[in-house]
Each structure stands twice: as C-alpha cells, then as structure tokens.
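The structure under discussion appears below in the form of structure tokens.
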Amino acid sequence: MPEIQPPPLRNDCFALPPGVDWTPVAEAKSLLRQALSVVVSSGQLIAVEEACDRILSSDIGAVRSNPPGSNSAVDGYGFAGPIAEGPQIMNLCEGRAAAGVPFKGRVEPGQACRILTGAILPEGVDTVVLEEDCTIEPNRIAFNGPLKQWSNTREAGEDVILGTPIFQAGRRLTSTDLSLLASAGVADVNVYSRLRVGVLSTGDELRMPGQTADDWQIYDANRLMLLSMIRDLGFEAVDLGLVEDSRDTVRDTLNQGAQSCDLIITSGGASAGDEDHISAILKAEGQLTSWRIALKPGRPLALGVWNETPVIGLPGNPVAAWVCTMVFGRPAMEVLAGGLWREPRGYQVVAAFTKKKRRGRSEYLRARLNADGQVEVFPSEGSGRISSISWSDGLVEIGFEEEMIEPGTVVRYIPYAEFLRPSQSTDP
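Sequential numbering of the sequence shown, starting at 217, is according to this note's numbering.
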C-alpha cells in the first residue's frame, strides 16, 4: 500500500482567538491540541517484530483467537465434569495430551487422560484435576471431589476472540503490545513514518562542548538535552546545529530543516530582541504567533510555520525549555506523529516544603520524593539552574488559583517518566 501524505498545517493554525492574551496552561493545551494534525505519512507496512515504539496508522483486529482452543492450565488429569463430592476413582487412557502434541482419540465418560499445561483438551474432556491432588497408579487415579466443570482449564478465546478489535490507530506500540498482537496471529501492522524533529540553537554566546569558551560565552546545553529527549520519546532527532546570530544563516538553516524534517524546535532567538532572528524571520517571511502562557517557568512559547513545516520556539533558559517541552512539546509531537494527545498522570503526595505564589498562573517546581514518601523541591527556582533538572525526578504542579503550599499540604506530583511515556490504557 503506498504511503499517504497528509496535508500541511494551515499557515494560521496557531493564531490565538481575538482577545486572548495571557493564556492559562489548560487553555493553551486545548488550543494547541485543536491546532495540530498529523504531518507524517501513513500506510507503512512493517513486520510486527519491528513495530515496537511505532504508532499505528490503522485499526487492527485479531486474525486468530487466543487461545485458539480450550486447554489445560495445569499438569494433571482430564475428564468430563462436574465431579460430585467424595472419593473418585478413574481408569486412565493410554497416551497423554501435551502442548503441541494433542491426544489422539476420545476420552470416554468415567475415564481420565494424562494432560500437561497448555495441551488442547481432548474430545470428552472439559475438567482437569491437579496432579498434586491425585493418588496415581499405572492404570488409574484417585482423588476427592467435588470439582466444578471447567476447573483448571482455559477457554478458547478467553483472552482475544477472532475478529475483535485489539488496538486503534494512534496507539504507540509497546513490547507487551507486540506480544498480544503475535498471540492473536498478527504478522504485519500499518504504521506512520517516524516523526523527524530538527533541533536548532542560535546565539553568538554559545559554544559547543569541548571548545574553548571565554567568560562571556556559555556551552550549548539545550540542544543536547532536546536531541536526547526526542530520541527517548521515540522520534528521529535531527541535529540542525548551533548557528550564529545572523539572519541569513538562520534562514538557510530553517530552509534546510524544512526540507529534511517534519517539525523544527528552536532554542533561543524567539523573543523580540535585536538578535532574536528566529522570531524576526518567522514573522517577516513565514508565520509566527507568540503565546504568552500564564506559566512559570516558561511563559513565552513561539509557534509558527516555515515552508509548510511547523516550528516550536522554546525559551532559551534551560529549565524553561525543559518544562515547556514536557508540558507542551511532548504531547504536540505525539499528535504530529499520528499518535494521541495524552496527559501525564499526576499523584497526590504530601508536600515537604513551603511555597507562596501569585494567583493567576500555574507553576511547575522541580521536585523529588524523599525517604518518607513526601515530595521536596529544589531550593532555587532559577531557570538557569540546570543542576535542578538532574537533581529532580519530577515536577510539582501548582494550579492557577493556588496561593500557598505548606508542609503537609497535598500537591500534584508528576514523575518525569509520566511526561516522557504517559500511560495508554486499553479497556478490558
């Protein structure tokens, strides 16, 4: 099946509604979710064993029941049930039933057949008694009833029934998903092509690790962080490099990214300063909307389109870039890649800190659980404190209306693992 190319995003897709200024986090997420659509191609058929971490582009159902036939759940002896209360003695048939080696013939009423775990139930068998519950002689067994019909057996199709849906399009397949698909006889799946995400850093003050740096220069920490995060998320990371504060150089790099990537993420240069060439070029020659989000750290988030390729402009401060990528970038990338917008699960945890904040904005504090199971926060909230990201293992989300957190207050704590790989539930 040939790959199907989706239409490009509209040039005005990120435009905010009239009158929207400072946007609450929840509203910003809703607006972003509505603006996004799939930008990668669909219909790529691959073997199920190669499909881990890929996103399904079409629904998939069982081509075989699992288990395909009723079978024994234990090692024991099979016969026709139910069995009444009291001592039971049964003659044994010749032969046995084993996984992969069915019993040939029929087990008559009142007889028993040796059967092993996973073996298909022979004709005339619907109940199994455990080997440990039997007295065994060469030609007969004895055990005590009662025993319900279908005891110690697995029903055909009790896990998956032929023809029933398993997963819907948009699901990112896990290793356990592959196990389920294989058990249901699925050999191939249709997936979206991997989202190619280009990462660009700008700034005359930035240097590459390993290069010499003067006091007025800093090393580019954001690009390495973002490239690694994109790979962890299951996307293809494309390093667009570190470029100087030159409008022509930035334009050339954006052109390169638009040709080779499905999404461009920039770090720095997205504000309104003299050397913020990302925002200036997008505004003059592409399309740019600057979202002022009621969020700390983060606030400005530049969203635009360059040569039909979406662009996300992150703040230059490392912690703000990290938080904005977690809260907005990660779910946005999943949607662009054909997946579902999924919110991370938060957990109600007792605070081991004091925090006073202003109403009217949400705040995300770098945090970790202590030995008592309470959550503590990094002592400084500075957006340049990169060490705080390594120190922490999650974020405490303080809501729009909240003003005061004291030790003992119950807060919402979100582990980083939930941001990076939010759970995807399947109805039983």
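Glycine residues also receive a C-beta, built at the ideal position from the N, C-alpha and C atoms.
According to DSSP, simplified to helix, strand and coil, what is residue i?
i, result
"Glu339", "strand"
"Pro516", "strand"
"Met424", "coil"
"Cys350", "coil"
"Val455", "Note on residue identity: the sequence assigns Asp, not Val, to residue 455. Here Asp455 sits in strand by DSSP."
"Asn471", "helix"
"Phe635", "helix"
"Glu613", "strand"
"Thr239", "strand"
"Asn438", "helix"
"Ala314", "strand"
"Thr541", "helix"
"Val290", "coil"
"Arg322", "strand"
"Leu498", "helix"
"Thr625", "coil"
"Val256", "coil"
"Leu521", "Before going on, a small fix: residue 521 reads as Val here, not Leu. Strand, per DSSP."
"Val527", "strand"
"Pro644", "For Pro644, the predicted structure reports a pLDDT of 40, less than 50, and the residue's modelled location is therefore unreliable. A value from the coordinates is still provided. Three-state result, Pro644: coil."
"Glu265", "helix"
"Pro303", "strand"
"Gln503", "strand"
Which same chain residues end up closer than 6 Å to residue i when comparing Cβ atoms and leaving out the 5 residues on each side of it in sequence?
i, result
"Arg270", "Leu389 and Val407"
"Ser604", "Arg582 and Phe594"
"Ser599", "Pro513, Asn533, Val535 and Ala536"
"Gly401", "Val279 and Arg280"
"Arg637", "none"
"Lys571", "Ile621"
"Asp375", "Asn282"
"Ala315", "Gly334 and Ala335"
"Pro560", "Ile630, Glu634, Phe635 and Pro638"
"Glu520", "The amino acid occupying residue 520 in the given sequence is Gly; Glu does not appear at that position. Result list for Gly520: Leu498, Gly502, Gln503, Leu504 and Val527, in chain order."
Quick one: residues in its chain with C-beta nearer than 7 Å to the C-beta of residue i, no 5 flanking neighbours on either side, listed in chain order?
i, result
"Asp490", "Residue placement at Asp490 is flagged as unreliable, the pLDDT there being 48, under the threshold of 50; the coordinate-derived value follows with that caveat. So no residue of the chain qualifies."
"Gly361", "Ile299, Ala300, Glu301, Gly302 and Gln304"
"Gly613", "Residue 613 is actually Glu in this sequence, not Gly. Cβ neighbours of Glu613 beyond the five flanking positions: Gly562, Ser578, Tyr580, Arg628 and Ile630."
"Leu355", "A small fix is needed here, since residue 355 is Asn in this sequence, not Leu. Within the same chain, Asn355 has close Cβ partners Asn307 and Leu308."
"Leu346", "Val290, Gly292 and Asn368"
Anyone know if the C-beta pair for residue i and residue j falls short of 9 Å?
i, j, result
"Val169", "Ser253", "Coverage of the chain is limited to positions 217 through 644, which leaves residue 169 absent and any answer about it impossible."
"Ala313", "Phe319", "yes"
"Ile262", "Leu397", "no"
"Gly554", "Val344", "no"
"Ile481", "Ile446", "yes"
"Glu634", "Ala567", "no"
"Arg439", "Leu458", "yes"
"Leu611", "Met542", "yes"
"Gly321", "Gly311", "yes"
"Val565", "Val626", "yes"
"Asp436", "Ser462", "no"
"Thr239", "Arg508", "yes"
"Ala244", "Leu517", "yes"
"Leu530", "Leu449", "no"
"Gly340", "Val323", "yes"
Leaving out the 5 sequence neighbours to the left and right, which residues in its chain are closer than 8 Å to residue i when beta-carbon positions are compared?
i, result
"Cys350", "Gly292, Tyr293, Ile357, Ala358 and Phe359"
"Val454", "Arg412, Val413, Gly414, Val415, Gly473, Ser476 and Cys477"
"Val264", "Leu394, Leu397, Ala398, Val402, Ala403, Asp404 and Val405"
"Gly386", "Ile271, Leu272, Gly554, Gly555 and Leu556"
Original post:
Are at least three pairs of beta-carbons, each pair with one atom in the segment 365 to 384 and one in the segment 408 to 425, less than 8 Å apart?
Top reply: no
Original post:
Counting only runs that start and end within the segment 560 to 606, where is the beta strand (DSSP E) found for 3 or more residues in a row?
Top reply: 563 to 566, 578 to 585 and 591 to 593
**OP:** Within the segment 340 to 417, note down every full beta strand (DSSP E) run reaching 3 residues or more, in order along the chain.
**Re:** 343 to 346, 356 to 363, 381 to 383 and 404 to 407
**OP:** Report yes or no: do three or more beta-carbon pairs, one from the segment 423 to 431 and one from the segment 517 to 533, lie closer than 8 Å?
**Re:** no
Original post:
Does the segment 582 to 592 come within contact of the segment 543 to 550, defined as at least 3 CB pairs closer than 8 Å?
Top reply: no
Original post:
Is there contact between the segment 275 to 286 and the segment 333 to 344, where contact requires at least three CB pairs shorter than 8 Å?
Top reply: With a cut-off of 8 Å, the segment 333 to 344 and the segment 275 to 286 count as touching, because enough Cβ pairs lie within range.
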